[in-house]
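For the sequence shown, full-length UniProt numbering begins at 1 and goes up steadily by one. Even glycine gets a Cβ: it sits at the ideal position worked out from N, Cα and C. Keep in mind it's a predicted model, so treat the numbers as computed, not measured. A quick write-up on the structure given underneath.
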Amino acid sequence: MSPPDLRLPDPTHKGRNGFRESNISVDRDNPDHVTLRNHRLSQYILANMGSYVPSPDTLRELGGSSSQPVETVESIDEKIKELKKQHAKDLENLFAFQVAEHYQELIDHRSCYDDSAYMDIDEAYPDQVKFNKALQDLDKEMYQGERFKRDMDDGLDTIRYTHLKTLLYLSQKRNVLRAREKDMRKKRDAWFPQTIQQYRQITDRDGQLRVARFLSSSTTEQEKMRDEFGWPYRTVQPLYSIYKSDVGIFQPVH
């Protein structure tokens with residue numbers, strides 16, 4: 001269920017990108033409000049948030065680097081953290097831009113409308129009555145702010161769409177890395193040394209302690225550990241036999 005403060009998606013946009021409004025034809029000579037709104041928002045985004053085209057300096061840096069840094073779960077977590085911080089900043093800037101733009105629009109409208117207050121409307125002339133009513137309707141529309149609210153919602157949805165699209169991409173990449181790390185850890189844990197030399201060559205302290213704990217545990221505990229780490233009985237027997245024959249040959253793990 002959608003949160004109460006967010007608009008429900010328009011069913012007419014199902015299966016399409018609802019921000020493109022491709023079903024609306026644009027008259028270049030007489031653009032409608034939606035076209036002007038989208039143009040202003042696009043200009044704002046380009047001026048304040050940049051574009052998807054890398055700058056020449058960025059391209060030179062990419063071309064000069066021999067290899068890209070290896071991404072990890074930690075590096076993706078940091079990117080997500082920075083993305084959320086930047087999104088909050090983007091929203092703050094967007095709201096400030098929209099409020100300033102609306103304020104200027106009200107001032108411009110008030111200046112234009114004030115002149116009409118000195119017009120004497122002759123009821124005998126329908127055109128004058130119609131014109132005066134149109135001015136009153138426009139004035140009412142401006143101060144009710146419905147169009148401003150729609151513009152704010154549309155701007156917010158556009159910024160959120162871009163943010164969530166990037167966030168989803170990073171989250172999916174992080175999930176892939178987590179699954180890969182889990183698989184590698186599982187394979188590493190499933191390996192069991194066959195000789196005392198292999199045991200001493202284990203560089204992972206946790207792994208070495210795990211093997212040492214297995215060797216010194218009771219039969220019941222050993223069975224639990226074999227089930228947990230996937231150690232077949234025949235795999236652990238060679239080293240366990242060495243351990244049983246001479247416990248002192250194993251150097252203590254500190």
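Residue burial classification, residue i (beta-carbon count within 10 angstroms, cutoff 16)
i, result
"Leu138", "exposed"
"Gln76", "Contrary to the premise, residue 76 reads as Ile rather than Gln in this sequence. Label assigned to Ile76: buried."
"Asn23", "For Asn23, the pLDDT reaches just 47, beneath the cut-off of 50, and the residue's location in the model is therefore unreliable, although a value from the coordinates is still provided. With fewer than 16 other Cβ atoms within 10 Å, it is exposed."
"Pro56", "exposed"
"Leu46", "exposed"
"Tyr199", "buried"
"Leu239", "buried"
"Leu41", "buried"
"Tyr125", "exposed"
"Phe214", "buried"
"Tyr143", "exposed"
"Asp151", "buried"
"Leu94", "buried"
"Tyr243", "buried"
"Val236", "buried"
"Asp227", "exposed"
"Glu21", "Model confidence at Glu21 stands at a pLDDT of 47, short of 50, so the residue's coordinates are unreliable; what they give is reported in the following sentence. Looking at its Cβ environment, which holds fewer than 16 other Cβ atoms inside 10 Å, Glu21 is exposed."
Where the alpha helix (DSSP H) through residue i begins and ends
i, result
"Thr162", "146-190"
"Ile242", "233-245"
"Asp227", "219-229"
"Val70", "Per DSSP, Val70 belongs to no alpha helix (DSSP H) and is neither H nor E."
"Tyr199", "196-200"
"Ala124", "No alpha helix (DSSP H) holds Ala124; DSSP gives it neither H nor E."
Residue i (DSSP reduced to helix, strand or coil)
i, result
"Asp204", "coil"
"Ser216", "coil"
"residue 257", "Missing from the structure shown is residue 257; the chain here goes from 1 to 254 and no further."
"Pro11", "helix"
Distance cut-off 7 Å: residue i Cβ against heavy atoms of the ligand SAH
i, result
"Leu106", "This structure lacks the ligand SAH; in fact it carries no ligand of any kind."
Taking one C-beta from the segment 146-161 and one from the segment 196-214 each time, how about it: are there three or more such pairs within less than 8 Å? Because the criterion of three Cβ pairs below 8 Å is not met, the segment 146-161 and the segment 196-214 do not touch.
Pairs of beta-carbons, one from the segment 172-180 and one from the segment 88-106, closer than 8 Å: are there three or more? Between the segment 172-180 and the segment 88-106, the count of C-beta pairs closer than 8 Å stays below three; the two stretches do not touch.
Given 8 Å, three or more beta-carbon pairs between the segment 220-238 and the segment 192-200: Touching, yes, given that three or more Cβ pairs across the two stretches are closer than 8 Å.
Under 8 Å, with one C-beta from each stretch per pair, do the segment 196-203 and the segment 141-159 reach the 3-pair mark? Cβ pair count under 8 Å is below three, so no.
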